[in-house]
Amino acid sequence: GITKHYRVPRRGAWAFGHQPVHAADDADLTLRRGETLALVGESGSGKSTLARIALGLTRPTRGEVALGGVPLASMSRRQVRRDFRSAVQAVFQDPAGSLNPRKTLLEILRGPMLLHGKANRSTATAAVTAILEQVGLSPGTSFLHRYPHELSGGQQQRVAIARALSTEPRVVVADEPVSALDVSVRAQILELLRDLQRQRGIALLLITHDLAVVRAIAHRVAVMYLGRIVETGDPDEIFTAARHPYTRALIDATPHPVPGARPLARRLTGEPPSAIHLPSGCRFSTRCPDVMDVCRAVEPLPLAAGSGHVSCHLHTHQPVAS
Ligand code: SF4
Ligand code: MG
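In full-length UniProt numbering, the protein residues as written are 10 to 331.
Written as structure tokens, this is what we have:
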């Protein structure tokens, strides 16, 4: 039930005060133990906001984040710092920006291990070496003393992944982990994330706008549009028989057509409406090729469908034949 409204200054000479941006509205997401859940949608759909809320970095306006049934809001500061932060780790889009430029790799990786009791002073260097090996870097002593700017983008992201793993987390939230990298290294980094997720039984929340990434590693998919989760389901189902018109349009817009998918030849036209002036009724109604009268008046509620759910009147109202 996560809702997040930001307040932005009104524009124009007449107006004053603030108006809310609806970054997330009553969004429900369950990340199951040991699964990779891909959260997809265009930029501005609220994916990163939801990721930051899941990480405990941003507070929701309403709603609750819980880890293993324990609400984050009920934890003491100490529990958040000690237990939640070590259990829920992040990998961000820009590895250069997420690694401290003034610290060596040894320092970057040793810090969280010491803080969360995963190593002590005498075991830290060996532990750092071991974790670098697990992310495909085979470090000699000189490597440990390098700074982030001495590495390639792909190596930096490997270090960021190693840092996320250094606390032995149950959950990793990765927000567009390969989209800032050279195309040539994206597949390797994704493969690494997938292998580590499997080996360690981590629950991975993977935020992406790229459906090819989803096909490569997701166990389940959630589609977000203008702050709402509009469809969830297994990837096979989503890619071959998506129920929500927005999901179908997203799939049709991917450069790698999916074998077996129905050729719907749908195109997403126009930009998404602003998250300040939301359309009434269904938020997708201004762009939806299947829009009906009811869509502009009534917002569709999530309905159980197949392996997940969908929020669309097509699945509750039959269009009137003309
Ligand atoms: Fe399209 Fe209506 Fe479904 Fe919204 S509710 S996605 S406008 S058919
Ligand atoms: Mg984002």
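Just so you know, even glycine gets a beta-carbon here, dropped at the ideal spot from N, CA and C. If you're wondering where the values come from, they're calculated on a predicted model, not measured in any experiment.
| Asked | Found |
| --- | --- |
| Output the distance between the C-alpha atoms of residue 320 and residue 14, rounded to the nearest integer angstrom. | 21 Å |
| Between the alpha carbons of residue 316 and residue 309, how many angstroms are there, rounded? | 19 Å |
| In terms of alpha-carbon separation, which member of 126, 114, 103 lies closest to residue 94? | 126 |
| What's the call for residue 150, buried or exposed, on a 16-neighbour Cβ count within 10 Å? | exposed |
| Can you give me the start and stop residues for the beta strand (DSSP E) that residue 46 sits inside? | 45-49 |
| Buried or exposed: which applies to residue 236, given that a residue is buried once 16 or more other Cβ atoms fall within 10 Å of its Cβ? | buried |
| CB-CB under 7 Å to residue 199, same chain, minus the five flanking residues each way: which ones, in chain order? | 187, 222, 225, 226 |
| Give the C-beta separation of residue 144 and residue 117 to the nearest angstrom, bearing in mind that I take them to be a contact with Cβ-Cβ under 8 Å. | Not confirmed; about 13 Å, so no contact. |
| Entirely within the region 151-230 and at least 4 residues each: give me those alpha helix (DSSP H) ranges in chain order. | 162-174, 192-209, 220-226 |
| Can you tell me whether residue 280 is buried or exposed? The criterion is at least 16 other CB atoms within 10 Å of its CB, across all chains shown. | exposed |
| Report the rounded CA-to-CA distance for residue 84 versus residue 166, giving the unit in angstroms. | 31 Å |
| Report the rounded CA-to-CA distance for residue 29 versus residue 285, giving the unit in angstroms. | 6 Å |
| Which first and last residues belong to the alpha helix (DSSP H) in which residue 143 is found? | 133-143 |
| Indicate the three-state DSSP secondary structure (helix, strand or coil) for residue 235 in the structure shown. | coil |
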